[in-house]
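According to the numbering used here, the residues represented by the sequence shown are 1077 to 1337, in order.
Where a beta carbon is used, it is the ideal one built from N, C-alpha and C, also for glycine.
Fair warning: this is a prediction, and the values are worked out from it, not measured in the lab.
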Amino acid sequence: MNIGCHLSIAKGYRAMGAQALSIDANTFQFFSRNPRGGKSRALDLEDISALRQLLEEHSFAPLIAHAPYTLNPCAKDSGLREFAENVMRDDLSLLEHLPGNYYNFHPGSHVGQGSETGISLIAEMLNKVLSPEQHTLVLLETMSGKGSEVGRNFEELREIIDRVEQKNQLGVCLDTCHVYSAGYDIVNDLDGVLTEFDRIIGLGRLKAIHLNDSLTPFASHKDRHAKIGEGSLGLDAIIRFINHPVLRDLPYSLETPNELE
Ligand code: FE
Ligand code: FE
Ligand code: ZN
């Protein structure tokens, strides 16, 4: 199984790889920059290439760089949309130094403009930022549908993908807490949910999993992660999930409120 957790980039790139190894992980997720701001670390190519070497030596599964939460490609304000575009372009160019990994982002919040407008603004940004030369797969994360979040269901993600020209650079990261909160019953009908995912998006686009339990009930449209087995999904459902033949080989990242140990 390819499993890791969310790590802090505070001590640098290679340090994250070493931390992952210390807990027997073979993948991990990290914020590409301050999750609530926009500042990125000074570019340290030596540190990045030290991580690359470590990833190769220990045959890691793909890593996930997570875009900051402040990035909103479908904001009302054009300045905020421009900020999102610049952050993503910068992050993707940095990730060219770590080729073959994933960049995950929350599609955005349409802030009252309607999901139709949101979807077209998100696709518009992706069309500006993606280029055929890039070696990073960009992942749209499934969202719980709180507030005006876009990506609350598989149809919305499909509509974004449909409007993007560089489709082969797009995938989906399924967050178990988010989909359950969004009303996909992965506890009692995992096969049904996967069939629906396949019909609407295509399982070929499913590239990574955020493995979280949920503090809130089914279809609550909230986004509160719980430790594995301590939420509304429960341990049995999570064990079935990670052993499902369609899901077992994907890279998993825990985003649970655990200490590293
Ligand atoms: Fe996320
Ligand atoms: Fe997530
Ligand atoms: Zn979440």
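Suppose the cutoff is 6 Å on Cβ atoms and the five residues either side in sequence are ignored; what does the same chain contact list for residue i look like?
| i | result |
| --- | --- |
| LEU1345 | Nothing can be reported for residue 1345, as the shown portion of the chain is limited to 1077 through 1337. |
| THR1252 | LEU1287 and ASN1288 |
| LEU1330 | CYS1081 and LEU1287 |
| ASP1088 | One detail in the question is off: residue 1088 reads as Gly in this sequence, not Asp. Same-chain partners within the cutoff: ASP1123. |
| HIS1301 | CYS1253, ASN1288, GLU1331 and THR1332 |
What do you reckon, is the C-beta of residue i under 7 Å from a heavy atom of ligand 3?
| i | result |
| --- | --- |
| CYS1150 | no |
| ASP1123 | no |
| CYS1253 | yes |
| HIS1301 | yes |
Taking 7 Å as the cut-off, is the CB of residue i close to at least one heavy atom of ligand 2?
| i | result |
| --- | --- |
| GLU1225 | no |
| HIS1297 | no |
| GLU1133 | no |
| GLU1331 | yes |
| HIS1186 | no |
| HIS1173 | no |
| HIS1320 | no |
So, at 7 Å on beta carbons, what are the nonlocal neighbours of residue i in its own chain, with the 5 sequence-adjacent residues on each side left out?
| i | result |
| --- | --- |
| PHE1273 | PHE1230, LEU1279 and LEU1282 |
| ARG1234 | ILE1276 and ILE1277 |
| PHE1136 | ASN1102 and THR1103 |
| GLY1176 | PRO1138 and HIS1211 |
| GLN1245 | LEU1206, GLN1210, LEU1213 and VAL1214 |
| LEU1121 | HIS1173 |
| LYS1152 | VAL1187 and GLN1189 |
| LEU1119 | LEU1170 |
Say yes only if the C-beta of residue i is nearer than 7 Å to one or more non-hydrogen atoms of ligand 1, and no if none qualify.
| i | result |
| --- | --- |
| HIS1211 | no |
For residue i, which residues from the same chain have a beta carbon less than 8 Å from its beta carbon, with the 5 sequence-adjacent residues on both sides left out?
| i | result |
| --- | --- |
| LEU1266 | ALA1313, ARG1316, PHE1317 and HIS1320 |
| SER1207 | GLN1242 |
| THR1193 | CYS1150 and HIS1186 |
| MET1092 | LEU1083, SER1084, ILE1085, PHE1104, PHE1106 and LEU1127 |
| VAL1269 | VAL1255, TYR1260, ASP1261 and ILE1262 |
| LYS1303 | ASP1289, THR1332, PRO1333 and ASN1334 |
So, residue i versus residue j, is the Cβ gap smaller than 8 Å?
| i | j | result |
| --- | --- | --- |
| SER1290 | SER1257 | yes |
| ILE1236 | PRO1293 | no |
| ASN1110 | LEU1326 | no |
| ARG1157 | LEU1197 | yes |
| GLU1232 | ILE1195 | yes |
| HIS1142 | SER1108 | yes |
| HIS1297 | SER1220 | yes |
| PHE1159 | GLY1114 | yes |
| THR1271 | VAL1248 | no |
| LEU1372 | ILE1099 | A question about residue 1372 goes unanswered here, because the residues of the chain that appear run from 1077 up to 1337. |
- Is the segment 1210-1221 close to the segment 1166-1175, with three or more CB pairs under 8 Å? yes
- Name all residues in chain order for which at least one heavy atom of ligand 1 lies closer than 6 Å to the residue's CB. HIS1142, HIS1182 and GLU1217
- Task: Evaluate the contact criterion for the segment 1146-1164 versus the segment 1120-1129: three or more CB pairs, one atom per stretch, below 8 Å.
- Result: no
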